[in-house]
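**Student:** The structure's right below; bear with me while I get my questions together.
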Amino acid sequence: MGAQPRGYYKKTKRFTGAKVMRKHKCIWALLILLPLVNFWPVLEFGFVWDDEVCHLHDNPHMNTVNWESVKYFWLNSHEGMYIPVTYTAWSLLKYGQDVWGKENTEPFSSSLFHLVNLILHIANGLLVFALLHLLVSHRGAACGGALFFLLHPLQIESVAWVSEFRGLLSSFLALSAMWQYCLYLTKQKKHYYILATIFFILATLAKPSTVILPLILGILEYFIFSRPLQTTIKSLALWFVIAAGITFIAKQSQPNDIIKFVTPIIFRPLIFIDACNFYLAKLILPIPLSAMYGRGPEKVMEASYFFYNWIPLAILAFFLWHYRDKSKMVLVALIIFIIGFLPVSGLLPFAYQNNSTVADRYLYLSLLGPALLFSHTLQSTIDHNRNRNHNRVFHYTQITWITLALLLSFYSYRIQAQLPIWKNKITLWQDVLSKYPNQDLPHNNLGKALHEKGEIKKASDHFLQALEIDPNYAGAHNNLGSILSEQGKAEQAIYHFSCAIKIDPNYAQPYNNLGNIYQDQGSLSLAIDHYNQALKLNPYYAEAHSNMGNVLLKQKKYSQALQHYLVAQQSNPYDPIIWHNLGCLFLEQKQLKKAHAYYKQTLKIKPDFFQSYLSLAKIYIQWKEPQQAQKCYEQVLKIDPSNRVAQNQLQELQSRKN
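If you read the sequence shown in the numbering used here, its first letter stands for residue 1079, the second for the next number, and so on.
Here it is in structure tokens:
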């Protein structure tokens, strides 16, 4: 017989199979319904932050899903991350949306992607219950720990942010690996070990931070299952080798040169301790929470308490170790909690440290430790009450479950208060700046959201504030330059685009934007040079391909223009401008049927794209269909009542008719 967890015991009273199923059905219903009710509003939320910029909308390998795009993710890192399993799962989801939602003109359905996040979170809660039920014998105690994991407010970011699908998926695979490994320890059957290893490999390829799994399992195997240390190391040796390989690949994807400030090695333990203190405080009292805390290493090192922040953790560690026989489970839970965020704790530099060392999403898997302690405490209370008389057992048991209900009610209240900030880009970044205002990235991102909404003055103010905080912020220079370019302030725009390039020579967007200015000024050769540079940095840059096509079209180089338009179309098939440009290319070559088809597709994607209606009217006039042309001009005036071209053409059509 395999090893049993310490504290494991065989119950003297056995339920029948039907009763056990009924008991589990009630627990499963609770573990599904409570998070479903609390997180259901996310289905109405939009895409925010990296959802559009990095992973989905602006990712050419996600816009057109095929074997080549999936192969790309397995052979390359993307945006500094090697997470091929995550991108493969996203690709399957996108493919399903395209097949079953053919009439959908939006590239990605936010409701669908949010729903998948929610389902994964619930599935993770069920896995936590299954795992805890192996470690503590009482179903109710295991259920309480799983509910703690599911409803703790620190989980909001992982559920509400589509991009954190990577964390949810990797945690699902990691928890599956842990469950199978614990079954292997209990039953000593090799197929459990093989399944656990496969799940572990997939978890690390979904998000590399799960390389810490062997450490967590080592703690459980040694302390909970009472296996000898030598045996534990031997059984997990293969996992440590796999973890080392994935760690190397992950570090190659995020070299130190993309990190603004690399913490000196001597100070990294203190950065790590600061993160531990911060997370422990949020674990106990999750107020206030934020999408970004702005606790980068430089800011933490400037704090007056920096060199003394080790004292609280040292005191806690001393007492836990001194009373380790009585508080062993507390010590185990704390170690698992810390190991869970170890890869992003500050001991090793990582890209997000440009903004902050700490983030709520980093604690998703870490909360397994407190959940285990929560379950153990519930079981200990229940076991303790069994030794008392019936009335007092009833009394203490009631107090235990009422306390649990009150705690979960508080968590539910905090979820309802915090969840709405993730509704859209504006609510998200306004909330961050209301709590931690001195951050450049939130100012820049809020400026972009306001720019998209048409609030130009507010957007400019936020870009300027971002540059005031960090004058070397290339993204803010580029975004401010875009606004100045739209306002016709070409010289000022050129200055900011040039600053962005000087700060970050590998930044493709300012090259493309400079090309647009030079094209508008008639300097076509300069425009081509800048578009070429943008495409050299990003060969899949759809907007730069489209703009290059426009220049070549002006130069009557139709075949070359067509090549660039088709590459742009493949990279971003949902951009109406690209389809419209293709229509213009064929219209100029008098290929009216092809032009007509492209303009129609443009309007299918964006029904208020009036430029395509104007072009369609020209085609209908050449086809001697004045009624169709008149309808197009009327449609233009519905969209833009002051459009002089449509007004004049309608008058001319009317005069011809008379």
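Beta carbons: idealized from backbone N, C-alpha and C, even for Gly.
Below 7 Å CB to CB, which residues in the same chain sit around Gly1158 once its five sequence neighbours on both sides are set aside?
**Tutor:** Stepping through the sequence shown from its first residue, residue 1158 is reached at position 80. Only Ser1331, Gln1332, Ile1336 and Ala1429 meet the Cβ criterion.
**Student:** Let me check one thing: in DSSP terms, what residues is His1102 bridge-paired to?
**Tutor:** Position 24 of the sequence shown, counted from the first residue, corresponds to residue 1102. Paired residue(s): none; His1102 is not in a bridge.
**Student:** Can you tell me which of the three DSSP states His1230 falls into?
**Tutor:** Position 152 of the sequence shown, counting from 1, holds the residue named residue 1230. The answer is coil: DSSP assigns His1230 none of H, G, I, E or B.
**Student:** Quick one: what does DSSP say His1216 is sitting in, helix, strand or coil?
**Tutor:** What you label residue 1216 is simply residue 138 of the sequence shown in a count that begins at 1. In the structure shown, His1216 sits in coil (DSSP, three-state: anything other than H, G, I, E or B).
**Student:** With H, G and I counted as helix, E and B as strand and the rest as coil, what does DSSP make of His1555?
**Tutor:** Here residue 1555 refers to the residue found at position 477 when the sequence shown is read from its first residue. Reduced to three states, the DSSP call for His1555 is helix.
**Student:** Does Leu1392 pass the burial test, meaning 16 or more other C-beta atoms within 10 Å, or should it be called exposed?
**Tutor:** Walking along the sequence shown from the start, residue 1392 turns up at place 314. In the sequence under discussion, the amino acid at residue 1392 is Ala, which differs from the Leu named in the question. Ala1392 comes out exposed.
**Student:** Report buried or exposed for Gly1532, applying the criterion of at least 16 other Cβ atoms within 10 angstroms of its Cβ.
**Tutor:** Working through the sequence shown from its first residue, we reach residue 1532 at position 454. Gly1532 comes out exposed.
**Student:** Do Thr1680 and Pro1654 have their beta-carbon atoms positioned less than 7 Å apart in this structure?
**Tutor:** The count along the sequence shown starts at 1 and reaches residue 1654 at position 576. The count along the sequence shown starts at 1 and reaches residue 1680 at position 602. Yes. Within cutoff.
**Student:** By DSSP's criteria, Met1159 is part of a beta bridge. Which residues make up the other side?
**Tutor:** Your numbering for residue 1159 matches position 81 in the sequence shown. Met1159 is bridged to His1156.
**Student:** Once DSSP output is grouped into helix, strand and coil, what is the label at Leu1134?
**Tutor:** For the purposes of this step, residue 1134 is taken as the residue at position 56 of the sequence shown. Leu1134: coil per DSSP, three-state reduction.
**Student:** Is it buried or exposed for Pro1421, if we count other Cβ within 10 angstroms and need 16 for buried?
**Tutor:** Locating residue 1421 in the sequence shown gives position 343, counting from the first residue. Buried: at least 16 other Cβ atoms inside 10 Å.
**Student:** I'd like to check one pair, Met1407 with His1454: are the Cβ atoms closer than 7 Å?
**Tutor:** Taking the sequence shown and counting its residues from 1, one reaches residue 1454 at position 376. Taking the sequence shown and counting its residues from 1, one reaches residue 1407 at position 329. Yes, the pair counts as a contact, with Cβ atoms nearer than the cut-off.
**Student:** Could you pull out every unbroken alpha helix (DSSP H) segment of at least 4 residues lying fully inside the segment 1376-1415, listed in chain order?
**Tutor:** Qualifying alpha helix (DSSP H) stretches, in chain order: 1388-1400.
**Student:** Taking only three categories from DSSP, how would you classify Lys1632?
**Tutor:** On the sequence shown, residue 1632 is found 554 positions in, with the first residue counted as 1. Reduced to three states, the DSSP call for Lys1632 is helix.
**Student:** To the nearest angstrom, report how far apart Tyr1618 and Leu1134 are at their CA atoms.
**Tutor:** Stepping through the sequence shown from its first residue, residue 1618 is reached at position 540. Stepping through the sequence shown from its first residue, residue 1134 is reached at position 56. Those two C-alpha atoms are separated by around 14 Å.
**Student:** Hey, how far is the Cα of Ala1107 from the Cα of Ser1236?
**Tutor:** Counted from its first residue, the sequence shown places residue 1107 at position 29. Counted from its first residue, the sequence shown places residue 1236 at position 158. Roughly 22 Å separates the two Cα atoms.
**Student:** Closer than 7 Å by C-beta to Glu1299: which residues in its own chain qualify, once you throw out the five before and the five after it? Chain order, please.
**Tutor:** Your numbering for residue 1299 matches position 221 in the sequence shown. Result list for Glu1299: Leu1263, Arg1305 and Thr1310, in chain order.
**Student:** Give every residue of the same chain whose Cβ lies closer than 6 Å to the Cβ of Thr1288, excluding the five residues on either side of it in the sequence, and list them in chain order.
**Tutor:** For the purposes of this step, residue 1288 is taken as residue 210 along the sequence shown, with counting starting at 1. Once the five neighbours on either side are set aside, the close Cβ partners of Thr1288 are Ser1248, Ala1252, Ala1281 and Thr1282.
**Student:** What are the start and end residues of the alpha helix (DSSP H) that includes Val1723?
**Tutor:** Your numbering for residue 1723 matches position 645 in the sequence shown. First-last of the alpha helix (DSSP H) with Val1723: Arg1722 to Lys1735.
**Student:** Per DSSP, what kind of secondary structure is Tyr1619 in: helix, strand or coil?
**Tutor:** By 1-based counting over the sequence shown, the position of residue 1619 is 541. Looking at Tyr1619 - three-state DSSP - the assignment turns out to be coil, as it is neither helix nor strand.
**Student:** Could you tell me the boundaries of the alpha helix (DSSP H) in which Gln1330 lies?
**Tutor:** Here residue 1330 is taken as the residue at index 252 of the sequence shown, counted from 1. First-last of the alpha helix (DSSP H) with Gln1330: Leu1307 to Ser1331.
**Student:** For the pair the segment 1348-1363 and the segment 1412-1427, tell me if three or more CB-CB distances fall below 8 Å.
**Tutor:** Segments in contact, yes.
**Student:** State the DSSP-derived secondary structure class of Trp1701, mapped to helix, strand or coil.
**Tutor:** Locating residue 1701 in the sequence shown gives position 623, where the first residue counts as 1. DSSP places Trp1701 in coil when its eight states are reduced to three.
**Student:** Looking only at C-alpha atoms, which of Tyr1401, Ile1320, Ile1272 and Phe1688 sits nearest to Leu1293?
**Tutor:** As a first step, residue 1293 is located in the sequence shown; it is residue number 215 there, counting from the start. Minimum Cα distance to Leu1293 is reached at Ile1320.
**Student:** Which of helix, strand or coil does DSSP assign to Pro1448?
**Tutor:** Here residue 1448 refers to the residue found at position 370 when the sequence shown is read from its first residue. Helix at Pro1448.
**Student:** Given Gln1647, which residues of its chain have a CB within under 6 Å of its CB, disregarding the five upstream and five downstream residues?
**Tutor:** The sequence position of residue 1647 within the sequence shown is 569, counting from 1. So the list reads Ile1656, once near-sequence residues are dropped.
**Student:** Once you ignore the five residues that flank Ala1571 on each side, which residues in its own chain have a CB closer than 7 Å to its CB?
**Tutor:** The residue labelled residue 1571 in the question sits at position 493 within the sequence shown. For Ala1571, where only same-chain residues beyond five positions count, the Cβ hits under 7 Å are Gly1559, Leu1562, Ser1563 and Ile1595.
**Student:** How many whole angstroms separate the CB atoms of Ile1234 and Ile1493, which I take to be in contact at a CB cut-off of 8 Å?
**Tutor:** Residue numbering aside, residue 1234 sits at position 156 when the sequence shown is read from its first letter. Residue numbering aside, residue 1493 sits at position 415 when the sequence shown is read from its first letter. The Cβ separation is near 6 Å, so the contact holds.
**Student:** Where does Ala1369 fall in DSSP's three states?
**Tutor:** Position 291 of the sequence shown, counted from the first residue, corresponds to residue 1369. Reduced to three states, the DSSP call for Ala1369 is coil.
**Student:** My output table needs one value for Gly1418: the three-state DSSP class, helix, strand or coil.
**Tutor:** The residue given as residue 1418 occupies position 340 in the sequence shown. It is helical.
**Student:** Which whole-angstrom value is the C-beta distance of Tyr1609 and Asn1625, which I expect to be below 8 Å?
**Tutor:** Reading the sequence shown from its first residue, position 531 is the one you call residue 1609. Reading the sequence shown from its first residue, position 547 is the one you call residue 1625. Indeed, because the Cβ distance is near 6 Å, the residues count as touching under 8 Å.
**Student:** Can you say whether Pro1719 is buried or exposed, counting buried as having 16 or more other CB atoms within 10 angstroms of its CB?
**Tutor:** Here the question's residue 1719 lines up with position 641 in the sequence shown. Result: exposed.
**Student:** Taking only three categories from DSSP, how would you classify Ile1337?
**Tutor:** Position 259 of the sequence shown holds residue 1337. Reduced to three states, the DSSP call for Ile1337 is coil.
**Student:** CA-CA distance, Phe1191 and Trp1500?
**Tutor:** Here the question's residue 1191 lines up with position 113 in the sequence shown. Here the question's residue 1500 lines up with position 422 in the sequence shown. Using only the alpha carbons, I get a separation of about 14 Å.
**Student:** From the DSSP output, in three-state form, read off Phe1303 for me.
**Tutor:** The sequence position of residue 1303 within the sequence shown is 225, counting from 1. In the structure shown, Phe1303 sits in coil (DSSP, three-state: anything other than H, G, I, E or B).
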